[in-house]
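Visitor: First residue of the sequence shown? That's 1 in the working numbering, and the numbers climb one at a time after it.
By construction, the Cβ of each residue, glycine as well, lies at the ideal position given by its N, Cα and C atoms.
Quick caveat: nothing in here was measured; it's all calculated off a predicted structure.
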Amino acid sequence: MPANYLSVKDLQVAYLQKGKTIKALDAVDLSLSQGKTGVIIGPSGCGKSTLFNVLAGLNQDYVGQVLIDGKVPQGGGETALILQDYGLLPWKTVWDNVVLGLQLRGKATPEMQGQVERVLDKLGLLSLAKRYPAQLSGGQRQRVAIARALVLEPKLLLMDEPFSSLDALTREEIQDFLLEIWQETKLTILLITHNIEEAVFLGQQIFVMSPGPGRVIQVVTNEMAGDHELRGKLPFLEMCSSLRSLLHRREKYVAGI
Ligand SMILES: Nc1ncnc2c1ncn2[C@@H]1O[C@H](COP(=O)(O)OP(=O)(O)OP(=O)(O)O)[C@@H](O)[C@H]1O
Numbered sequence: 001m002p003a004n005y006l007s008v009k010d011l012q013v014a015y016l017q018k019g020k021t022i023k024a025l026d027a028v029d030l031s032l033s034q035g036k037t038g039v040i041i042g043p044s045g046c047g048k049s050t051l052f053n054v055l056a057g058l059n060q061d062y063v064g065q066v067l068i069d070g071k072v073p074q075g076g077g078e079t080a081l082i083l084q085d086y087g088l089l090p091w092k093t094v095w096d097n098v099v100l101g102l103q104l105r106g107k108a109t110p111e112m113q114g115q116v117e118r119v120l121d122k123l124g125l126l127s128l129a130k131r132y133p134a135q136l137s138g139g140q141r142q143r144v145a146i147a148r149a150l151v152l153e154p155k156l157l158l159m160d161e162p163f164s165s166l167d168a169l170t171r172e173e174i175q176d177f178l179l180e181i182w183q184e185t186k187l188t189i190l191l192i193t194h195n196i197e198e199a200v201f202l203g204q205q206i207f208v209m210s211p212g213p214g215r216v217i218q219v220v221t222n223e224m225a226g227d228h229e230l231r232g233k234l235p236f237l238e239m240c241s242s243l244r245s246l247l248h249r250r251e252k253y254v255a256g257i
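1. Do residue 139 and residue 170 have their C-beta atoms closer together than 8 angstroms?
2. Tell me which residues share the same chain as residue 154 and place their Cβ nearer than 8 angstroms to its Cβ, disregarding the 5 neighbours each side in the sequence.
3. By DSSP, does residue 115 sit in helix, in strand, or in coil?
4. Going along the chain, which residues of its own chain have a beta-carbon closer than 6 angstroms to the beta-carbon of residue 43, five neighbours each way excluded?
5. As a quick exercise: from 160, 104, 183, pick the residue whose alpha carbon is nearest that of residue 199.
6. Residue 202 and residue 225: beta carbons closer than 8 angstroms?
7. Using the Cβ count rule (16 or more neighbours within 10 Å means buried), how would you classify residue 134?
8. For residue 62, verify whether its CB is less than 7 angstroms away from any heavy atom of ligand 3.
9. Under a Cβ-count criterion, where at least 16 other Cβ atoms within 10 Å of its own Cβ denotes burial, should residue 22 be classed as buried or exposed?
10. Can you pull every residue whose C-beta falls closer than 6 angstroms to some heavy atom of ligand 1, listed in chain order?
11. Can you list the alpha helix (DSSP H) stretches of 4 or more residues lying completely in the region 17-66, in chain order?
12. Do the region 98-111 and the region 65-75 meet, that is, are 3 or more Cβ pairs less than 8 angstroms apart?
13. Between residue 28 and the rest of its own chain, which residues show a CB-CB distance below 7 angstroms, the 5 nearest in sequence each way excluded?
14. Relative to the alpha-carbon of residue 172, which residue among 36, 17, 230, 147 has its alpha-carbon at the smallest distance?
15. What do you get for residue 15, buried or exposed, if any count of 16 or more other CB atoms within 10 angstroms of its CB means buried?
16. Within 10 Å of its beta-carbon, does residue 63 have 16 or more other beta-carbons around it, so buried, or fewer, so exposed?
17. Would you decide whether residue 249 is buried or exposed? Buried here means 16 or more other CB atoms lie within 10 Å of its CB.
18. Straight-line CA distance for residue 181 to residue 5?
19. Go ahead and pull the three-state DSSP assignment for residue 201.
20. I think residue 179 touches residue 228, with their Cβ atoms under 8 angstroms apart; what is that distance to the nearest whole Å?
21. What residue range is occupied by the uninterrupted alpha helix (DSSP H) comprising residue 167?
22. Quick one: grab the DSSP three-state call for residue 239.
23. Taking the alpha-carbon of residue 34 as reference, which of 25, 67, 197 has the nearest alpha-carbon?
24. Of all the options 196, 163, 162, 151, which has the alpha carbon lying nearest to the alpha carbon of residue 185?
25. Is residue 40 near residue 190, with beta carbons less than 8 angstroms apart?
26. I need the boundaries of the beta strand (DSSP E) containing residue 218, first residue and last residue.
Written as structure tokens, this is what we have:
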């Protein structure tokens, strides 16, 4: 097992649009050990989703070195990606949406039914299995998206602003819930957020990105992440405040203020 489960070195990504090159990522370095949680935070347009597309193997048009468990990401495999809008199909039931992930990877065998049932049960969704996404609350929809990822038994869970459309209370509930899942499964989790409190609550490593073309300009090690009682404690509030000033300082620096 490589020392860093996830390792990104000097990653550069550019898009070509109408004959012009748009540099999205510029020399990104990032690493995360197995079983740890990492959070990426940075201004809009700094290339966070671009980075995730590379990690998920959806974009292989890049320069630099990207390794997950020592292998170049190819899509699928041991990595699961949860998108901002959850990616649920409205015409499929909760059960069918969860099975869909397995079907897409050619893993939907009759034996997997038991696994789907176990995951739905763990996430408190078994009684909702026959409902459609429109008949669920935002938090329940988010849990279905997590169930669909967990049923694949991934080693790396990538979450792109997963809680952004939830109200504040539901958001905290789902953050707690994610923490429980992480403590049970010891998955490696990398999450994108714009929310400073969420970054400090969930991220053992917080990667601060610069405005586009993005690069990781600071890595904050956060030993406090993983404590359910953390919110409201003084060290938590202090770290949120220092992360907030770090992000503001960077913005002012870049704007030349
Ligand atoms: N397919 C594409 N073609 C051209 N340019 C793109 C494409 N996808 C992203 N970009 C550009 O690359 C840059 C990074 O975009 P990206 O979506 O990765 O940023 P982000 O940090 O995830 O943004 P946000 O926080 O707003 O979701 C932006 O300038 C964006 O306009």
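Guide: Taking the structure as given:
1. Within the sequence shown, numbered from 1, the residue matching residue 139 stands at position 139. Within the sequence shown, numbered from 1, the residue matching residue 170 stands at position 170. Contact: yes.
2. Working through the sequence shown from its first residue, we reach residue 154 at position 154. So the list reads 78, 79, 80, 187, once near-sequence residues are dropped.
3. Along the sequence shown, read from residue 1 onward, the residue named residue 115 stands at position 115. Residue 115 falls in the helix class under three-state DSSP.
4. Working through the sequence shown from its first residue, we reach residue 43 at position 43. Answer for residue 43: 211, listed in chain order.
5. Start at 1 with the first residue of the sequence shown, and residue 199 comes out as number 199. Measuring from the Cα of residue 199, the nearest candidate turns out to be 160.
6. In the sequence shown, the residue the question calls residue 202 occupies position 202. In the sequence shown, the residue the question calls residue 225 occupies position 225. Cβ distance < 8 angstroms, so residue 202 and residue 225 count as in contact.
7. Stepping through the sequence shown from its first residue, residue 134 is reached at position 134. Residue 134 should be labelled exposed.
8. Of the ligands this structure carries, namely ligand 1, none is ligand 3.
9. Residue mapping note: residue 22 aligns to position 22 of the sequence shown, counting from 1. Exposed, because fewer than 16 other Cβ atoms sit within 10 Å of the Cβ of residue 22.
10. 15, 17, 22, 24, 44, 45, 46, 47, 48, 49, 50, 212
11. 48-55
12. no
13. Numbered from its first residue, the sequence shown carries residue 28 at position 28. Excluding residues within five positions, the ones whose Cβ falls inside 7 angstroms are 8, 11, 51, 214, 215, 216.
14. By one-based count along the sequence shown, residue 172 stands at place 172. Of 36, 17, 230, 147, the residue nearest in Cα terms is 230.
15. Your numbering for residue 15 matches position 15 in the sequence shown. Under this definition residue 15 is an exposed residue.
16. The residue you call residue 63 lines up with position 63 of the sequence shown. Exposed.
17. Mapped onto the sequence shown, residue 249 falls at position 249. That one is exposed.
18. For the purposes of this step, residue 181 is identified with residue 181 of the sequence shown, where counting begins at 1. For the purposes of this step, residue 5 is identified with residue 5 of the sequence shown, where counting begins at 1. Rounded to the nearest angstrom, the two C-alpha atoms are 19 angstroms apart.
19. In the sequence shown, the residue the question calls residue 201 occupies position 201. Correct three-state label for residue 201: helix.
20. On the sequence shown, position 179 is the one that residue 179 refers to. On the sequence shown, position 228 is the one that residue 228 refers to. Residue 179 to residue 228, Cβ: 6 angstroms. Contact.
21. Residue mapping note: residue 167 aligns to position 167 of the sequence shown, counting from 1. No alpha helix (DSSP H) holds residue 167; DSSP gives it neither H nor E.
22. Locating residue 239 in the sequence shown gives position 239, where the first residue counts as 1. Helix, per DSSP.
23. Looking up residue 34 in the sequence shown gives position 34. Of the candidates 25, 67, 197, the one whose C-alpha sits nearest the C-alpha of residue 34 is 67.
24. Mapped onto the sequence shown, residue 185 falls at position 185. Per the Cα distances, 151.
25. Numbered from 1 along the sequence shown, position 40 holds the residue referred to as residue 40. Numbered from 1 along the sequence shown, position 190 holds the residue referred to as residue 190. Yes, they are a contact pair.
26. Along the sequence shown, one-based indexing puts residue 218 at 218. Taken as a continuous stretch (DSSP letters only), the beta strand (DSSP E) holding residue 218 covers 216-221.
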